[in-house]
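Okay, structure first, notes after.
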Amino acid sequence: MSEPAYLDTPQGRRIAYHQTSGRGPGVIFLGGFKSDMQGSKATHLEAWAKAQGHAFLRFDYSGHGQSSGAFTDGCIGDWAQDAQAVIENLTEGPQVIVGSSMGGWISLLMCKRIPQRIAGLITIAAAPDFTEDGYWSAFDDDQRAMLDRDGHVAVPSDYGDPYIITKRLIEDGRDHLVLRSPLPLPFPVRSLQGTADKAVLTETALRLLDHAQSNDMRLTLVKDADHQMSNPENLDLITATIYEVLRLSGK
Numbered sequence: 136m137s138e139p140a141y142l143d144t145p146q147g148r149r150i151a152y153h154q155t156s157g158r159g160p161g162v163i164f165l166g167g168f169k170s171d172m173q174g175s176k177a178t179h180l181e182a183w184a185k186a187q188g189h190a191f192l193r194f195d196y197s198g199h200g201q202s203s204g205a206f207t208d209g210c211i212g213d214w215a216q217d218a219q220a221v222i223e224n225l226t227e228g229p230q231v232i233v234g235s236s237m238g239g240w241i242s243l244l245m246c247k248r249i250p251q252r253i254a255g256l257i258t259i260a261a262a263p264d265f266t267e268d269g270y271w272s273a274f275d276d277d278q279r280a281m282l283d284r285d286g287h288v289a290v291p292s293d294y295g296d297p298y299i300i301t302k303r304l305i306e307d308g309r310d311h312l313v314l315r316s317p318l319p320l321p322f323p324v325r326s327l328q329g330t331a332d333k334a335v336l337t338e339t340a341l342r343l344l345d346h347a348q349s350n351d352m353r354l355t356l357v358k359d360a361d362h363q364m365s366n367p368e369n370l371d372l373i374t375a376t377i378y379e380v381l382r383l384s385g386k
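One point on numbering: in this note's numbering, the residue at position 109 of the sequence shown is 244, and numbering is uninterrupted.
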């Protein structure tokens with residue numbers, strides 16, 4: 136495994152990344168909550184982009200993978216800053232963004248902040264506003280009291296140790312919600328969602344489809360696919376979708 140390069144952000148965080156040169160628009164992968172750039176989707180897409188001759192970039196948010204910081208110190212606002220710094224400092228021109236789970240939410244924030252740098256968007260089990268509509272709305276009175284008293288609460292995870300959900304994560308999330316205000320997406324958008332996903336329900340994908348303002352947005356429901364969407368058939372669907380968006384962007 137090759138060593139990553141690092142970008143120091145204006146906020147003082149050190150972001151680890153792997154970048155492949157190639158023609159544009161480049162493809163940038165934004166991973167999910169507590170995931171990292173060594174995952175199967177990120178590495179598969181990198182290999183595909185290399186084979187196609189397209190520029191590609193994968194990175195770890197602060198508190199994730201090989202980047203600086205502790206996961207429990209981070210929040211949506213921090214990770215959005217990380218993504219924006221990566222896009223603005225490491226790439227040129229419009230990019231095709233691929234956002235997985237929380238990365239879908241971060242991607243939508245990029246679409247609002249720097250739409251001129253977005254050539255197209257692919258979301259995979261996108262989880263916009265999950266801190267509010269997922270965690271906070273599901274917390275009972277005891278959990279809400281614990282969050283206020285202790286500053287954090289442990290939530291069971293299907294992927295190993297419980298997730299530590301912090302008060303800062305919840306409160307900061309409210310400053311970055313994307314499904315409560317206009318969401319213009321003036322470029323090709325393709326959303327992929329598994330029907331067997333237990334972390335992000337199909338209703339969330341339909342809500343995003345209904346809420347976004349786009350002349351070219353499509354949602355593909357994949358029967359029996361789970362939240363990971365990382366088996367060979369799913370990975371082929373993702374790369375085919377990226378190819379479609381690249382074609383529509385004229386590249």
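Positions of the beta carbon are idealized from the N, C-alpha and C atoms, including for glycine. Quick caveat: nothing in here was measured; it's all calculated off a predicted structure.
Check	Outcome
Please list the terminal residues of the continuous beta strand (DSSP E) segment that includes residue 237.	Careful: residue 237 lies outside any beta strand (DSSP E), inside the alpha helix (DSSP H) at 237-248.
Measure the C-alpha to C-alpha separation of residue 329 and residue 254 and round it to an integer number of angstroms.	25 Å
Going by the CB atoms, is the gap between residue 343 and residue 326 shorter than 8 Å?	yes
CA-CA distance, residue 197 and residue 382?	32 Å
Whose CA, out of 175, 192 and 241, lies closest to the CA of residue 158?	192
According to DSSP, simplified to helix, strand and coil, what is residue 206?	helix
Measure the alpha-carbon distance for residue 224 versus residue 199 and round it to whole angstroms.	20 Å
Could you tell me the distance, in whole angstroms, from the CA atom of residue 350 to the CA atom of residue 324?	9 Å
Among all the DSSP beta bridges, which residues are the ones paired with residue 355?	327
Kindly indicate which residue of 218, 307, 263 and 273 has the alpha-carbon position closest to the one of residue 291.	273
Residue 292 lies in the beta strand (DSSP E); which residues open and close that run?	287-292
Can you list, in chain order, the residues of its chain whose CB lies under 7 Å from that of residue 144, leaving out five sequence neighbours each side?	150, 216, 217 and 220
Give the straight-line distance between the Cα atoms of residue 333 and residue 361, rounded to the nearest whole angstrom.	7 Å
Measure the beta-carbon distance from residue 241 to residue 336 and round it to whole angstroms, keeping in mind my assumption that it falls under 8 Å.	Their Cβ separation, rounded to whole angstroms, is 20 Å, which puts residue 241 and residue 336 out of contact at 8 Å.
Identify, in the order they occur along the chain, each residue of the same chain with its Cβ nearer than 8 Å to the Cβ of residue 252, setting aside the five sequence neighbours on each side.	222, 223, 226, 228, 229, 230 and 245
Three-state secondary structure (DSSP) at residue 212?	helix
Quick check on the burial criterion: 16 or more other C-beta atoms within 10 angstroms. Buried or exposed for residue 298?	buried
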